[in-house]
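To start, the structure under review is shown below, and the notes come after it.
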Amino acid sequence: MITAGIDIGSKTIKIVALKDAKEIVGRVMILAGTDVKESINKAWAELEKTAGVKPGDLAAIVATGAGKGDAVNAQRTVTEVSADAKGANFLNPEVRTVIDVGAEEGRAIRIDTAGKVVDFAINEKCAAGAGAFTEAMARALEVGVEELGPLSLKSTQEVAMNAQCAVFAESELVTLVHAQTPKPDMARAVHNAISDRIVSMVRRVGMEEKVMLIGGVANNVGFLDSLQKDLNTTVIVPEDSESVSALGAAVLAAEEA
Amino acid sequence: MGKYPTEPLKLWNKAKELRRQFYENYAQAHDKGGLRYAGGAWTFDAVPAGLGEDVYSLTSEPYGASCAYNKEFSLRCLEAAEGYGYARDLCSYMRNYWGSILINEYAFGGPFPKPDFIWQDHICCSHAKWYQTMSELEGGIPMHCVDIGVGAAPPFGELKPHKIDYVAGQILDGIDWMEKVTGRTYNDELYIEACWNDFRSTHTWAKVCELNQAVPAALDEKSLYSLYVLATLNKASKWCADFYEELYDEVKDRVSRGVAAVTNEQARVMSDTQPPWAFLKVFRYLEEYGCVSVGSLYTFGLEGMWDYDEDKGLTPRPMPAKRPTSREEATRMLVDWHLRKPEYQHFYSPEYKSRLMIAICKQWKLNGVMLHYNRGCEGLSLGIAENRLAIQEAGFPVMTFEGNMGDEREFDEARTMARVDAFMETLGIKRVGRA
Amino acid sequence: MIEMFQEWYQARHEYAREWKKKNPGGKVVGFFCTYVPEEILLAADILPVRILGSHEPQNVTEPHIFGMYCPFCRDCLAQGLEGRYDYLDGVMIAQSCLHIRQAFTSWQKHVNTPWSYYLPMPHHVQSEDRAVKFYAAELNDFKKAVEDWTGRKIGDEDLKRGIEKMNKSRQAMRDLYELRKRPNPPLSGLEAMYAAVTEQWIDKEEHAVIVRQAIDQELKERDLGLGAKTRLMLFGSEDDDTGFVKMVEDCGSVIVVDDHCTGSRYFWNDVVLDGDDPLTAIARRYITRPACPTKDWPERRRLEHTLKLAQDWNAAGAIVIQQKFCDPHELDIPEQRRNLEKNGIKTLMLELDVTVPVGQFKIRVEAFLETLSEEDLF
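If you read the sequences in order, they're chains F, Y and S.
Following this note's numbering, the numbering of the first sequence begins with 38 at its first residue and continues without gaps.
Following this note's numbering, the numbering of the second sequence begins with 31 at its first residue and continues without gaps.
Following this note's numbering, the numbering of the third sequence begins with 11 at its first residue and continues without gaps.
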């Protein structure tokens, strides 16, 4: 029995195909673009090409993500909160706190042994975005987004940056640039600031070991470093951190099928 | 056919008519030689009633809500207030209200009717200042404001005589003041009658809310707003007290016949703080899940009078044993009565509010709680984060959503609905459709 | 000796810890608002310590205080949650604004300070007689609570002692501020800020000694060349951001006076006994002092006071230091600004957070100073 989960996010579309609720047999990620319906079709086509799996072969499909309403061939939809929880639990049943940091939204979820959601928090108005913020900061520092993380690890001193308001933080960065602060130190300040906002949110649900980080920003080694220091723990980052939601949806599909 | 029988409330149209009449009376007060005043809904509206039977009020918060309900009008009001120099994070009722004056449009049509005097209470940092500014915008209006910040009431604190003296003293000063300002002689009989109506209204409203402990709930919170608002307009009036007694009878009847507000009720929640007035559809959305919000400490306890103790929880406060017989006695009774309001104790510690909310969770048989982190009201959002922790600790699931009761620019509908979806999933509640 | 204030500022917790060592059994009470009647604490030989933030980003208050409340109250609570005030024996607040109230109530619940007290300071201070009567009764209850806690009675003589200590300390600060009226002020706004803020947690007598010494000796003839700088006033909510103040003065100004929550409002008027019993006299002092906006109604009496400060200290302009989200001051600022501008004092509005974009603000301050000096030419 093969099931699939499709995560239609604001930036990318991900599909994960799961065999007998145990083995991942296919994985796709493409850009969502402006024509989401077209991109969804492309994603399914890609899955067929790479894993030989067609929608018709599937016992059940569950959709999640901001655009889940567009998934015409899904039997049902779930929120990203539930999908994240199941996905993290599938990858590591010892995980009790899931942190998902994407382009626009950050989430902190506490889960039980079965991957059921116990409590969740989503970033509030005052601390908007994480991924989008990193992109803006990278532009201000004139480095590529992927370079920002490794750059920050070269920092030799901590510089403070406002943790509450992304707009204030951007203003402060300009000040640091003019004060000729070394780039690695500014990069680290940026990651510390995002981490402070995310950790504030995590503290609302309470942190319980083990902790897993997923979503686009999980690949940012600088952010991971700041996060681990703030939480004072080792944080697990799965190999394919961006498709954990889709995986969770696939798991939920299997539970229903 | 849904799970439970449902039928509309018979008194619905009467409630709407009473509200309409209230706003019309304020606007037309001068036409019949009457007086009109403006002030807070929390306020001691029994007091100006002693000036005569033709004294009409405009209560600030419900008027702010009425402005907010009309998105286009509200936006013009808010922008006018901001243009005048007031910050966006200030109380959104207040900004709507000031804006309405600045653009000189009454939410119910025509120009904004200027009050003859201001009779206010100071419950939060902004309350007295609201009218200080209003007076400035209108070129100067006589104003008297009563400070009630004397500490928590039983069982959380002791209302010692000097506390009652302070508040009662300000009210008595206010009576002398309003005689001077209006040129009228104060009538203690009318005042005593108004106090007694106030007690009746708020005692009866609590009884109505208590009926909602029934499963299925006879009323949903969206309806409760339209009914409780009458007390925020004029709880010291005979029409309000009489209406609530009629309402009580109708709701009691609904409960006895098992009539539900939400025909597919399968889950019960409560909310907190004022709702986002421009997005009450959130409550309709809950109905897709057969989920009914049965009320909140806000709808129950802002205008309802309750007793609370650890064992019995919340019970409607009994009417006073007998009517007051003098101005001083009426004043002291009125002060004591209102200082014990449940939706007031949180000003002294979130602990007190948490205990009241947990009592509601238990007595009204709730599956969870939805907290509106209301950016528009510092007073009612005070301590809300601690309430969340305490309610969770007591074993009730809580979700939060950020919004603003009076500034629709600060409410994200899609995001809020997504959170409701996630919360329903965590509670294991599936969609069943509205009917 | 004027550097003493800066040293005290930078080592604030060390001071209290040392004090406890030197005064075994002595109690330290943290307080959140300048309305707290320290006279009564001093009467019981308690060291009162104003709780302030540390201007560092933090991530611990989110579960306790909703983000729409001011950064200052969250910064204060963070200090407690991070254990920085673990030497406190008690913590208290006198009722003023809602925001800081949450720092206190969350502190009561989550920080391990043994004793706490919520003092309902009234808001209707313009109804003076009623407010004084009420507050005197509350102070009596408060006094009893302190007696129960410390195990020692507080008599009228003790209260008079406390009153005298506070009055002396306040008078010393007012005399210090008086020096700033000079065309060539002998101390910078930053130095004055260190002096004003530290008065709020250093032993009052010790602090007053240094203030007096500075006035009588170091500042008598001191010339820092500040006569050439543009004279400014700071007013608004709470401000102890020394980096910000330094930047403002480095731009070519000197801050000569202020009206805010960590400045002159703290020491502006004295307790006057004048026939009242000590508790009533104390109540009257707090009722009649320059008010917090939450207590300045129905009339706007603050307007006159702020304007007079600007005029008496000959300020050319005023910077509004508005703590982000601070409602009480947001309610006053439009009229305050209109009143000052009407009287020829230009204003610049800046919104502060726990940390500020010093670079961006520098540009605005420089531009502001340019507009002020333009006026001088004609």
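Even for Gly, the Cβ is constructed at its ideal location relative to N, Cα and C.
By alpha-carbon distance to Gly320 of chain Y, the top candidate from Y:Val180, Y:Ala59 and Y:Val312 is Y:Val312. DSSP places Asn229 of chain F inside the alpha helix (DSSP H), whose first and last residues are Lys220 to Val242. Between Gly80 of chain Y and Phe144 of chain S, the alpha-carbon positions lie close to 26 Å from each other.
Closest option to Gln51 of chain Y, judged by alpha-carbon separation, among Y:Tyr196, Y:Ser267, Y:Tyr374 and Y:Gly398: Y:Ser267. Listed along chain Y is no residue with a C-beta nearer than 9 Å to that of Ala291 of chain S; the closest approach is about 17 Å. For His228 of chain F, not one C-beta of chain S is nearer than 8 Å to its own C-beta. Residues Ile329 and Phe378 of the same chain have their beta carbon placed closer than 6 Å to that of Leu358 of chain S, with the five preceding and five following residues left out of the count.
Taking the beta carbon of Phe170 of chain F as reference, no residue of chain Y falls within 8 Å; the closest one sits roughly 18 Å away. Between the beta-carbon of Lys356 of chain S and that of Gly327 of chain S there is about 5 Å, and that keeps the pair under the 8 Å contact cut. Contact annotation, Gly413 of chain Y with Thr115 of chain S: C-beta distance approximately 6 Å; criterion of less than 8 Å satisfied.
Distance check between Ile146 of chain F and each of F:Val138, F:Gly168, F:Ala122 and F:Ala169 places F:Ala122 closest, using alpha-carbon atoms only. Of all C-beta pairs linking the region 109–122 of chain Y to the region 425–443 of chain Y, three or more are shorter than 8 Å, placing the two stretches in contact. Where Met198 of chain F is concerned, there is no enclosing beta strand (DSSP E), because DSSP gives it neither an H nor an E. Residues of the region 110–122 of chain F with a Cβ closer than 7 Å to any Cβ of chain Y, in chain order: Val115, Thr116, Val118 and Ser119. Check the Cα spacing between Pro67 of chain S and each of F:Ala206, F:Val211 and F:Gly259: the tightest is with F:Ala206.
At a cut-off of 8 Å between beta carbons, Ile75 of chain S contacts chain Y. For Lys119 of chain S, the closest Cβ of chain Y is nearer than 8 Å. Within its own chain, the residues whose Cβ lies closer than 8 Å to the Cβ of Arg287 of chain Y, once the five positions on either side in sequence are excluded, are Pro35, listed in chain order. Beta-bridge analysis with DSSP links Thr357 of chain S to S:Ala328.
Between Val258 of chain S and Lys191 of chain S, the alpha-carbon positions lie close to 19 Å from each other. Per DSSP, Phe142 of chain Y lies in no beta strand (DSSP E) and is assigned neither H nor E. For Asp337 of chain S, the nearest CB of chain Y lies under 8 Å from its own CB, placing it at the interface with that chain. Take the alpha-carbon of Val259 of chain Y and the one of Gly334 of chain Y: they are about 11 Å apart. In this structure, Y:Glu373 is the residue among Y:Tyr328, Y:Glu455 and Y:Glu373 with its C-alpha nearest to the C-alpha of Ala183 of chain Y.
Within chain F, no C-beta atom comes nearer than 8 Å to that of Arg370 of chain Y; the closest sits roughly 32 Å away.
Among the residues facing chain F, Glu240 of chain Y is not included, as its CB has no counterpart in that chain under 8 Å away.
Close to chain Y, meaning a Cβ-Cβ distance shorter than 9 Å, is no residue of the region 185–199 of chain S at all. For Val138 of chain F, the closest alpha carbon among the candidates F:Ala286, F:Ser47 and F:Ala41 is that of F:Ser47. Spatial neighbours of Val90 of chain F in its own chain (CB-CB distance under 8 Å, excluding positions within 5 residues in sequence) are listed in chain order as Ile39, Ala41, Ala54, Val62, Gly63 and Leu84.
Chain Y has a Cβ within less than 8 Å of the Cβ of Val154 of chain F.
Relative to Gly113 of chain Y, the option among Y:Glu188, Y:Ser130, Y:Asn100 and Y:Ala98 whose CA is nearest is Y:Ser130. Beta-carbon to beta-carbon, Ala301 of chain S and Ala146 of chain S are separated by about 18 Å, too far to satisfy the 8 Å threshold.
Leu81 of chain Y is outside the set of residues whose beta carbon lies under 8 Å from a beta carbon in chain S. Pairing Tyr403 of chain Y with Phe426 of chain Y gives a Cβ-Cβ distance that is not under 8 Å.
Three or more Cβ pairs closer than 8 Å define a contact, and the region 258–273 of chain F meets that threshold against the region 226–234 of chain F.
The region 335–348 of chain Y and the region 137–152 of chain Y do not touch, with fewer than three beta-carbon pairs separated by less than 8 Å.
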